[in-house]
Amino acid sequence: MGEGGARAWLPAATGAWAACHAVMQITWATTGAAVPWSPHVAYHPAVHLALAAVAVAAGAAAVATTRVRSKAVLAAAAAAAAVFATGMLSLPAHVVTLLSFSGVESGAGLTQVLSSTVGVCLLVGVATRYRRRLRGRCPRCGATHPAEHTGPLVYPPPSVAPARTRLLVGVLVCGVVPWAAVKTVWTLGGDALGVTAEAWRAGSAGESGVLAALGSVGVDVTVLAAAAALVLVAGLTFRWGQVFPRWAFPVAGRRVPRLLPLLPAWLTAVGLSVYGPLLVAYAALSALGVLPAIAPAEPFPTSADTTWMVAFGGLAFGGLGSGLLVAAGSYGKRTRPTCSVSSGRAPGPRSAR
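Its first residue numbered 1, the sequence shown is counted upward by one per residue in the UniProt record's numbering.
Shown next, in the form of structure tokens:
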């Protein structure tokens with residue numbers, strides 16, 4: 001696909017999404033629909049109207065990228081992406097809930113999260129291509145070469161992330177250990193943080209059959225989800241995440257499409273990397289007396305036990321999210337293709353980390 005064809009659909013798709021998202025926000029604001037942002041906080045009608053205005057501005061900025069060259073347009077698209085990213089922070093929680101067959105607590109809330117996620121993906125794509133154009137680079141691959149000589153994309157050979165990157169990712173994902181250990185102790189019948197296994201199971205009495213079955217064999221679904229995230233981190237770091245293994249018949253030996261691991265990594269990392277540090281900061285400030293003490297929540301008997309669990313959860317979420325961000329950043333750079341140039345001149349150099 002040529003450069004123009006590769007660019008043409010993205011701004012148009014972003015504009016269409018922006019129009020639909022704005023209409024949805026206005027509808028919710030005028031009907032007074034209860035759309036949850038978090039389990040205990042719902043969007044105010046004024047916020048819906050503000051999001052509608054941002055969506056309209058985002059759509060206009062996306063369309064403008066095909067007609068004008070201005071850093072203001074780039075800033076508008078990037079700012080809109082940041083705004084809508086706040087609406088997708090609970091995406092990992094929704095994914096875990098859906099995969100565990102626990103049902104959907106709020107259809108409107110899930111719709112808001114999914115729509116915000118689509119908008120962020122489109123806006124990031126528009127902003128990335130537009131930024132490359134402003135810098136005189138190929139919008140498709142980011143290298144410097146004559147646009148009229150673009151050819152098929154050429155992918156680099158499989159590679160392992162640099163040692164520093166692997167070390168950093170390893171340290172970050174270790175944050176999941178305290179939280180996963182406590183949850184595993186409970187599911188195996190032990191006591192931790194003042195909570196017995198029986199009390200933990202009683203608090204989860206309403207779980208779906210799938211969750212109950214996993215718990216009966218000592219598997220907590222959230223720990224299972226964390227393990228899946230760790231596998232994703234490993235795939236982003238080592239060669240086997242770039243070429244399908246031998247057992248993956250009939251695609252064995254073929255190149256793994258870049259977005260296959262990158263898309264879930266980025267979408268999961270955004271929410272976790274923001275939510276996790278907030279939990280850690282909240283627990284620390286509460287323990288130091290800067291904020292009011294965290295009230296005991298069932299099945300935890302004391303405020304201290306609850307605070308420790310909040311801190312463990314924050315370390316786990318923040319560690320996984322940050323580890324995914326670092327690993328995905330390295331994977332993206334190591335696997336980024338370049339346009340083959342028919343004139344024989346190689347694309348400009350690009351560093352990889």
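Note that the Cβ used here is the ideal one computed from N, Cα and C, for glycine as well.
Note that the structure is predicted; figures quoted are calculated from it, not measured.
Taken in chain order, the whole beta strand (DSSP E) runs of length 3 or more contained in the stretch 265 to 348 are 338 to 341.
Where P178 is concerned, the enclosing alpha helix (DSSP H) starts and stops at V176 to T187.
Annotation: P36 is outside any alpha helix (DSSP H); the continuous beta strand (DSSP E) that includes it extends over P36 to S38.
Between the beta-carbon of V83 and that of V56 there is about 12 Å, and that puts the pair past the 8 Å contact cut.
Taking the CA atoms as reference points, L288 sits about 30 Å from P92. Taking C-beta atoms as the reference points, A80 and V73 fail to come closer than 7 Å. With fewer than 16 neighbouring CB atoms inside 10 Å of its own CB, P257 falls in the exposed class.
Per DSSP, the continuous alpha helix (DSSP H) segment holding Q112 begins and ends at G107 to L134. Here the C-alpha atom of A52 lies approximately 16 Å from the C-alpha atom of M88. Excluding five sequence positions before and after A226, the CB atoms of its chain that fall closer than 7 Å to its own CB belong to V176, A180, A316 and L320, given in chain order. Annotation for P158: no alpha helix (DSSP H) segment contains it, and DSSP assigns it neither H nor E. Contact annotation, A202 with P299: C-beta distance approximately 7 Å; criterion of less than 8 Å satisfied. Just so you know, the alpha carbons of L236 and W247 end up roughly 19 Å apart.
Note that the stretch 130 to 140 does not touch the stretch 275 to 291; fewer than 3 beta-carbon pairs, one per stretch, sit closer than 8 Å. With distances taken between CA atoms, V118 lies nearest to A19 out of P337, A19, V68 and A252. V169 is positioned such that its CB atom lies closer than 7 Å to that of G323. A straight line joining the alpha-carbon of P178 with that of G194 spans about 15 Å. Contact between L272 and G318 holds, with the beta-carbon distance rounding to 7 Å and staying under 8 Å.
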